Amino acid sequence: MPPRLARLALGVSYRGGAYLGWQSQPGGRTVQDALEQALTSFAATPVRTVCAGRTDTGVHAVNQVVHLDAPVEREPFSWVRGTNRYLPLDVAVQWCRPVSEHFHARKSARGRRYRYLLRESAARPALDQGLVGWSFRPLDGEAMRAAAAQLIGTHDFSSFRSADCQSPTPVKTLRAIQIGFSGAPMAGYWAFDFDANAFLHHMVRNLMGCLVAVGSGRQPPAWMAEVLAARSRDAAAPTFSPDGLTFLGPYYDAEIGLPEPVAGAPWLPI
């Protein structure tokens, strides 16, 4: 019998603006394509990966977790430095840990976290363009928190689901939404933190569209419950920009021993 391959978990960060999302496509230009090409160059043999959560076009990540079955024997730090040598500057492996053969980056995750960073200002972003969303209207934090509270729990989130979503069920458990602000009115940043067992395709961006509609006064907080109950994408606001959305990463049982929090997260304000 051939020797059993060692399973490794990697933490990967990336700026998603130049990529068509995580998942590999025939034409390339995805984060998975870039990572697997780099791993293959480092290992001098084909390497395939499985991720914790697929991100969409333009979405960033600070701790995307993937697992792979290593075709060659190397020290964990070598997988980090050796792979990064072949990666573009907007993608980097942050850490590597040996894990049990039973570990699965997606199936072993207890939950996932996203952050949407939104700039509130009269003028559009420049230096942070691509890293933040934008509202040129002042937003009401208390109204958005009241609306968000109606989403917590286990629900059918069909109203916030993309038509291209491949999830077998629209029922997910949204554990928390935290909304904070830093700066002065019309000169600051909002951070929206989402924690759920799993997310539907475009779910966070569709939630953001509705939260901003409430925050700007176009809809009352109670409207959010109506959208949720409708179970129809037509009931919700348009999908919000991907620019400010960052996958903070999955989380696992502590005994698995993966890093949390991860290097790279502090650059996100609030």
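The sequence shown begins at 2 in the working numbering and counts up by one. A virtual CB, placed ideally from N, CA and C, is assigned to each residue, including glycine. Predicted model, so just to flag it, every value in this text is computed and none were measured.
- Per DSSP, reduced to three states, the secondary structure at Q33 is helical.
- Residue R120 holds the alpha-carbon nearest to the alpha-carbon of S183 among R120, Q26 and V66.
- DSSP, read as helix, strand or coil, puts T41 in helix.
- Annotated three-state conformation of A93 is strand, per DSSP.
- In the structure shown, G59 adopts coil according to DSSP, grouped into three states.
- The beta carbon of L175 sits closer than 6 Å to the beta carbons of L152, I153 and A197 from its chain, once the five residues preceding and following it are set aside; these are given in chain order.
- Residue burial is scored here from C-beta neighbours: Q65 has at least 16 other C-beta atoms within 10 angstroms and is therefore classed as buried.
- Here W224 carries a helix assignment [DSSP, helix/strand/coil].
- Contact between the stretch 35-45 and the stretch 84-98 is present, with at least three C-beta pairs closer than 8 Å.
- Note that the C-beta distance between M204 and F161 is below 7 Å.
- Counting only residues of its own chain and dropping the five nearest sequence neighbours on each side, K173 has a CB closer than 8 Å to the CB of T155, H156, F158, A197, N198, A199, F200, L201 and M204.
- Nearest C-alpha to I178 among R49, R113 and D70: R113.
- With respect to the C-alpha of A124, the residue from Y117, R116 and P139 having the closest C-alpha is P139.
- Just so you know, the alpha carbons of M187 and W135 end up roughly 11 Å apart.
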